[in-house]
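Residue numbers (full-length UniProt numbering): 1 to 175.
We put the CB at the ideal spot given by N, CA and C, even for glycine.
Since the model is a prediction, treat every value here as computed from it, not as a measurement.
Structure record follows, encoded as C-alpha cells.
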C-alpha cells in the first residue's frame with residue numbers, strides 16, 4: 001500500500017513539474033488534468049470518496065472551460081513542449097531534483113514510516129461511511145462558498161477571454 005502512495009505522489013509531482021514548465025497552454029491543460037486526477041486518486045486511496053469527486057467536478061466543470069476558451073482564442077505557430085532558453089535548463093534541474101528526492105525517499109524506506117503517520121478510517125465494516133455524513137453539512141453550511149466559487153470561475157473566464165482576445169485574434173480571426 002505504501003508503494004502505491006509513493007508512485008501516485010511521484011506521478012503527481014511529475015505532472016506538477018510539467019504544468020510549471022509547459023511552454024504552451026495545450027500541454028499545461030493536459031498536465032493540470034493529470035495532476036488533478038492523481039490528487040483525487042490519492043484522496044480516494046486514503047478512504048475518501050466525496051471530496052475528491054467534488055474537486056474533480058469543479059475542475060472539469062470550471063477550469064477546463066476556461067482553458068478551452070483560451071485554446072480557442074490563441075493559435076501557436078511554434079508549439080514547443082519545453083520552451084526555450086532558461087526555462088529548459090530550469091526544467092532539467094527540477095527533473096534532476098525530483099528524481100534525486102524520489103530515490104532518497106524510496107531508498108531510506110520513508111514510505112513505510114509515513115504510512116504509519118496517517119490514520120486511515122476503515123469504513124468498509126460500518127453501515128454508513130463517515131464521509132457521507134458530511135455531505136448534507138457541506139451543502140447546508142457551504143452553499144455560499146459554492147455560489148461564490150461559481151461566480152469566481154465565471155469572472156476568471158471573462159477575464160481570460162478579455163486578456164487573450166486583446167492583441168491577437170487567434171483562431172477566431174474570421175469571426
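With fewer than 16 other CB atoms across the displayed protein chains lying within 10 angstroms of its CB, residue 158 is exposed.
Cβ contact annotation for residue 14 (same chain, cutoff 8 Å, sequence separation greater than five): 98, in chain order. In the three-state reduction of the DSSP assignment, residue 21 falls in the coil class, being assigned neither a helical nor a strand state. Cβ-Cβ distances below 7 Å link residue 43 to 51, 52 in the same chain, with the five nearest sequence neighbours on each side left out; the list follows chain order.
Each of 18, 147, 62, 95 was checked against the Cα of residue 156, and the nearest Cα belongs to 62. In the three-state reduction of the DSSP assignment, residue 48 falls in the coil class. DSSP, read as helix, strand or coil, puts residue 144 in helix. Linking residue 146 to residue 153 through their CA atoms gives a straight-line distance of about 11 Å. CA-to-CA, the gap between residue 41 and residue 32 works out to about 14 Å. One Cα belongs to residue 34, the other to residue 60, and the distance between them is close to 11 Å. Excluding five sequence positions before and after residue 37, the CB atoms of its chain that fall closer than 8 Å to its own CB belong to 56, given in chain order. Rounded to whole angstroms, the gap between the alpha carbons of residue 141 and residue 65 is 27 Å. Residue 100 and residue 12 have their alpha carbons spaced roughly 16 Å apart. Counting other Cβ atoms within 10 Å of its Cβ, residue 148 stays below 16 and is therefore classed as exposed.
For the pair residue 30 and residue 94, the CB atoms are not nearer than the 7 Å cut-off.
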